[in-house]
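>
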Amino acid sequence: MTKISEKDRDRIIEILSNGSELPLDYKNVLFPPEKKEYELVYEGKEREEDIIADTMAVPLQPIKTFGENGKDWTNKLIFGDNLQAMKALLDDPKVKGRVKLIYIDPPFATKHDFKGSQDQKAYQDKIAGARFVEFIRKRLILFKELLDDEGSIYVHLDQRKGHYIKAIMDEVFGENNFLNDISWCYKEREMSKTQWNEKHDHILFYRKKSGQTFNWASVTMEYSEGSKKKYSLKDKNGRLFQIRGKGGDYTGKQQLPLEVEKKHPELVYRDYWDEKVGVLARDWWADIPFVNRAGAERTDYPTQKPECLLERIINASSNKGDIVLDAFAGSGTTLAVAEKLDRKWIGIDCGKLAIYTIQKRLLNLKKEIGNKGKALNPKSFTVYNAGLYDFSKLKKLPWKDWRLFALHLFNCRDKKHTVSGLELDGFRGNSDVLVFNYQQQGGVALDYGFIDDLHSMLSNKTSKEFFIIAPAASVTFLENYIDKGDIRYYILRIPYSIINELHTREFEAIQQPIDESQVNETVDAVGFDFIRPPKVECEYKKKKDTAIIKINKFKSEAMLKGASQLANRESFSFVMVDFDYNDKEQVFDLDKTIYASEIEKNNWEIHFPLKSIKDRMMVIYLDIYGNEYREIKTKADFK
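Have a look at this one:
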């Protein structure tokens with residue numbers, strides 16, 4: 194048993210004496226988790242219990258719903274860090290323990306070695322070695338919590354990290370729940386003359402528990418043409434068949450002549466071609482090609498996977514109506530195929546380009562795999578922000594919804610309780626929390642007098658740290674906390690990048706790419722911020738038949754650490770354009786993406802044919818933190 198320090202012992206006695214809930218850290222000290230027979234050891238590896246307890250949940254703020262709201266379910270497309278978003282999903286009883294299938298294609302599954310500039314790390318160096326392994330492990334731990342008992346997970350990797358993740362998945366899911374290491378083999382131009390050319394990816398397939406869903410009959414593979422040629426005989430109805438021996442002498446390769454059937458019908462049988470179900474699924478797949486460069490399903494998103502690959506996985510390991518989750522949604526292949534196969538779905542990605550690519554893809558779906566055939570209207574889905582919020586919309590929430598959002602934003606438990614006759618809203622750790630009701634009587638202020646009155650009511654019967662959540666505009670003083678006697682009253686302002694003192698690590702924002710090589714770059718984001726449109730000044734010009742956008746000024750207004758020190762255009766990420774913006778529907782339909790690195794090389798100018806602009810175009814300028822500045826222009830604006 195772990196030795197308990199005197200300080201921890203006194204604290205545990207105090208908590209239990211007050212009848213309060215024991216924090217998870219102390220539970221693990223008293224009852225340490227069972228040691229595994231073997232495990233992968235590396236720097237920075239955390240305990241599973243700590244990962245679940247310490248991951249900051251960020252509430253999901255709905256931004257826009259496409260289609261009519263579903264009665265019991267609306268599909269979810271979430272912009273944000275997938276770890277924080279999944280922690281929030283664990284509070285949703287419709288999701289926790291209900292996800293039947295998870296497929297992920299994390300950054301290291303790419304087949305390209307992108308190279309960044311000297312100042313910008315290439316994505317494979319962003320989370321290198323042990324840090325990448327722990328990055329994936331944290332998410333695997335939450336995946337397991339979200340999975341249904343009959344659920345399964347597919348993790349798509351290349352040869353560089355597959356063996357490490359196999360060892361980690363054995364730890365998280367149990368080696369007995371490993372099912373396959375699937376090899377997806379493909380044809381591509383050979384490049385190397387110094388080693389064996391790499392022509393396959395690894396897809397690790399695990400179940401959560403025994404009894405997982407596996408629809409083998411739906412994923413049988415086609416017979417070869419050589420096999421079909423063996424069925425050369427026709428019956429009176431024109432059905433193709435071959436004659437096989439039956440009984441103990443049947444080898445599966447035997448074909449007996451028609452004369453034998455006539456003389457000895459008791460020894461043979463007719464094997465009909467139209468009764469064959471196909472070859473049982475194998476763990477190497479050589480029949481699925483890369484996405485064709487001119488294919489109807491192509492989105493031009495890096496590392497896009499083919500729809501037929503996800504069709505096989507989704508058909509095998511889920512049924513209609515099941516929930517499918519992809520936490521590295523990328524181009525949206527998993528979500529598009531789940532929609533076509535009548536599954537519910539959740540997609541998460543930390544890239545704005547991914548979110549807009551997926552939105553466009555879902556709104557332009559075709560029924561057939563490969564995005565062919567008739568148009569398919571998707572079931573309703575909602576786009577959410579998780580970690581970057583629109584404060585103007587939050588202020589419009591009714592009090593009940595505002596209160597819940599405020600609690601979740603600062604990782605507080607929603608548990609109303611009373612101290613000295615005062616109704617409080619919840620707990621942060623073991624400390625009391627009050628959500629300040631700024632909506633009372635047309636708007637009240639949180640001032641020094643409020644703190645004095647609060648302290649006199651509590652009479653030292655509360656915890657030594659007391660938290661008050663309030664809109665920044667409702668707080669009349671500047672201090673982050675006020676001490677009264679033995680109690681420190683922390684003020685958690687919204688919008689506000691939370692006090693670092695309250696966290697084990699500083700906030701780290703999601704980063705958007707400045708060139709295509711960084712699209713899959715991954716940052717393990719922590720915390721949240723509020724949307725603050727960047728300051729943008731542009732000239733809109735034309736030269737003959739060419740439209741020109743000149744970006745003169747771009748400055749991020751984000752309140753994150755270091756943002757204000759960035760020079761002009763250093764915080765610029767990329768531009769997205771919809772040449773035929775539907776102002777009535779207010780739906781941005783992505784047509785073109787131009788990265789900052791490309792624009793910089795062209796003297797901060799963007800060129801495109803003037804005829805590309807239809808009635809109205811929308812331009813979205815994005816900073817590296819995901820904040821947007823939007824403008825609507827017509828041809829007449831280019832002078």
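Numbering of the sequence shown is given in the numbering used here, commencing with residue 194 and proceeding in unit increments. Even glycine gets a Cβ: it sits at the ideal position worked out from N, Cα and C.
1. Using 8 angstroms for Cβ pairs, my map puts Trp477 next to Ser411. What's the rounded Cβ distance?
2. Starting from the C-beta of Gln254, find all residues in its chain whose C-beta is less than 8 angstroms away, skip the five residues before and the five after it, and write them out in chain order.
3. Ala760 and Ile806 - do their beta-carbons sit closer together than 9 angstroms?
4. May I ask you to report which of helix, strand or coil DSSP gives Leu815?
5. By the DSSP assignment, the alpha helix (DSSP H) with Val637 in it spans what residues?
6. Please report how far the alpha carbon of Lys737 lies from the alpha carbon of Lys832, in whole angstroms.
7. Could you say which of Ile792, Phe629, Lys545, Lys677 lies nearest to Gln704 if we only look at CA atoms?
8. Buried or exposed: where does Trp595 fall if 16 or more other Cβ atoms within 10 Å of its Cβ makes it buried?
9. Which class does Pro802 belong to by DSSP, given the choice of helix, strand or coil?
10. Quick check: the Cα distance between Met414 and Asn508, rounded to an integer number of angstroms?
11. So, for Val292: in the same chain, excluding its five sequence neighbours on each side, which residues have a beta-carbon less than 7 angstroms away from its beta-carbon?
12. Could you check if Phe620 is buried or exposed, using at least 16 other CB atoms within 10 Å of its CB as the buried criterion?
13. For Tyr788, which residues of its own chain have a beta-carbon under 7 angstroms away from its beta-carbon, when the five flanking residues on both sides are left out?
14. Hey, could you find the ends of the alpha helix (DSSP H) Thr526 is sitting in?
15. Can you tell me where the beta strand (DSSP E) with Asn512 in it begins and where it stops?
16. Roughly how many angstroms separate the alpha carbons of Ala489 and Asp535, rounded to a whole number?
17. Taking the alpha-carbon positions, what's the Gly678 to Ile644 distance?
18. Should Pro299 and Lys380 be called a contact, given that it needs their Cβ atoms to be closer than 9 angstroms?
19. Is it right to say Thr786 is buried, meaning 16 or more other beta carbons lie within 10 angstroms of its own, or is it exposed?
20. By the three-class DSSP mapping on this structure, what secondary structure does Val470 have?
21. Between Pro252 and the rest of its own chain, which residues show a CB-CB distance below 7 angstroms, the 5 nearest in sequence each way excluded?
22. According to DSSP, which residues form a beta bridge with Asn775?
23. Quick one: what does DSSP say Val412 is sitting in, helix, strand or coil?
24. Measure the alpha-carbon distance for Tyr549 versus Val812 and round it to whole angstroms.
25. For Pro255, does the three-state DSSP call read helix, strand or coil?
26. Do Thr575 and Lys257 have their C-beta atoms closer together than 9 angstroms?
27. Are the beta-carbon atoms belonging to Ser190 and Leu294 less than 9 angstroms from one another?
28. Is the beta carbon of Tyr296 less than 9 angstroms from the beta carbon of Ile329?
29. State the Cα-Cα distance for the pair Glu821 and Val234, rounded to the nearest angstrom.
30. How is Thr492 classed by DSSP in three states: helix, strand or coil?
31. With distances taken Cα to Cα, identify the nearest neighbour of Arg324 among Lys238, Glu454, Ile724.
32. For Trp466, which option in Glu452, Gln497, Lys421 has the closest C-alpha, if you only look at C-alpha atoms?
33. With distance defined between alpha-carbon atoms, name the residue in Gln388, Arg432, Lys513 nearest to Phe407.
34. Have a look at the DSSP bridge pairing and note the partners of Lys498.
35. Is it buried or exposed, Pro769, if we count other Cβ atoms within 10 angstroms and call 16 or more buried?
Based on what the coordinates show:
1. Not confirmed; about 19 angstroms, so no contact.
2. Tyr577, Asn578, Ala579, Tyr582, Asp583, Lys586, Leu587, Phe598
3. no
4. strand
5. Neither: Val637 is in no alpha helix (DSSP H) and is coded neither H nor E.
6. 10 angstroms
7. Lys545
8. buried
9. strand
10. 13 angstroms
11. Leu339, Leu340, Asp341, Gly344, Ile516, Leu518
12. buried
13. Pro706, Ile707, Asp708, Glu709, Phe767
14. 526-533
15. Run containing Asn512: none; DSSP gives neither H nor E here.
16. 21 angstroms
17. 12 angstroms
18. no
19. buried
20. coil
21. Ala281, Phe598, His601, Leu602
22. Val780
23. helix
24. 13 angstroms
25. strand
26. yes
27. Absent from the structure is residue 190, since the part of the chain shown begins at 194 and ends at 832.
28. no
29. 42 angstroms
30. coil
31. Lys238
32. Lys421
33. Lys513
34. Lys498 pairs with nothing; no bridge assigned.
35. First, the amino acid is wrong: residue 769 is Met here, not Pro. Buried, by the Cβ-count rule.
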